[in-house]
Amino acid sequence: MARVRMTIDHLGAKRYVGRNEGGDRIFIDGEEISIGVRPTEALLAALGTCTAFDVVSILEKRRTPVESYRIELEGERAEEHPRRFTKILVRHVVSGEGITEESLERAVSLSHEKYCSVANSLNSEIEAEAVLE
Numbered sequence: 006m007a008r009v010r011m012t013i014d015h016l017g018a019k020r021y022v023g024r025n026e027g028g029d030r031i032f033i034d035g036e037e038i039s040i041g042v043r044p045t046e047a048l049l050a051a052l053g054t055c056t057a058f059d060v061v062s063i064l065e066k067r068r069t070p071v072e073s074y075r076i077e078l079e080g081e082r083a084e085e086h087p088r089r090f091t092k093i094l095v096r097h098v099v100s101g102e103g104i105t106e107e108s109l110e111r112a113v114s115l116s117h118e119k120y121c122s123v124a125n126s127l128n129s130e131i132e133a134e135a136v137l138e
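Residue 8 in my numbering sits at position 3 of the sequence shown, with consecutive numbering throughout.
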């Protein structure tokens with residue numbers, strides 16, 4: 006089983022930095038004037054980039070390379086806590102020579118239904134365990 010690890014360090018106030026095992030960082034911020042993204046925005050970014058990796062790869066394998074690609078994500082959240090996402094819209098704006106609506110639709114479908122681990126994690130029951138040390 007593959008494992009992914011992140012370490013989150015508190016920087017003060019509502020500011021945190023996440024680091025992966027390679028030392029790459031992401032700033033997560035809950036302050037009014039922020040230096041990073043909100044946790045829910047980071048989740049949307051993870052979903053968007055995960056599916057983008059797949060879509061670009063699928064289209065390249067079909068010999069229709071992407072010339073420009075933008076993903077716009079919009080999430081609706083519940084009013085009551087835990088204010089989870091109840092719906093996420095992922096809009097793919099793609100262009101490239103030879104890319105048809107049908108081929109793009111197929112690539113997006115394969116990503117969201119089969120390959121994107123983030124999308125599939127959002128659609129499944131995840132066992133989460135909190136441990137105190």
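All residues carry an ideal CB built from backbone N, CA and C; glycine is no exception.
Open item on the list: Based on DSSP bridge pairs, tell me the residues matched to Gly17.
Closed with: What you label residue 17 is simply residue 12 of the sequence shown in a count that begins at 1. DSSP lists Arg20 as partners of Gly17.
Task: Range of the contiguous beta strand (DSSP E) that encloses Asp34 - done: Within the sequence shown, the letter at position 29 stands for residue 34. Where Asp34 is concerned, the enclosing beta strand (DSSP E) stretches over Arg30 to Asp34.
Task: Minimum C-alpha distance to Cys121 - residue among Glu110, Ala112, Ala18 and Thr56 - done: What you label residue 121 is simply residue 116 of the sequence shown in a count that begins at 1. The residue with the shortest Cα to Cα distance from Cys121 is Thr56.
Open item on the list: Using C-beta distances below 6 angstroms, list every residue in its chain close to Arg30, excluding the 5 sequence neighbours before and after it, in chain order.
Closed with: Looking up residue 30 in the sequence shown gives position 25. Within the same chain, Arg30 has close Cβ partners Val22 and Arg24.
- [ ] Can you grab the Cα-Cα spacing for the pair Glu37 / Glu46, in whole Å?
- [x] As a position in the sequence shown, residue 37 is number 32, starting the count at 1. As a position in the sequence shown, residue 46 is number 41, starting the count at 1. The straight-line gap from Cα to Cα measures roughly 15 angstroms.
Open item on the list: Quick check on the DSSP output: what are the complete alpha helix (DSSP H) runs of length 4 or more inside the stretch 62 to 125, in order along the chain?
Closed with: 106 to 115
- [ ] Could you work out which residue in Glu84, Glu81, Gly53 and Glu72 is closest to Arg96 when comparing CA atoms only?
- [x] For the purposes of this step, residue 96 is taken as residue 91 along the sequence shown, with counting starting at 1. Nearest C-alpha to Arg96: Gly53.
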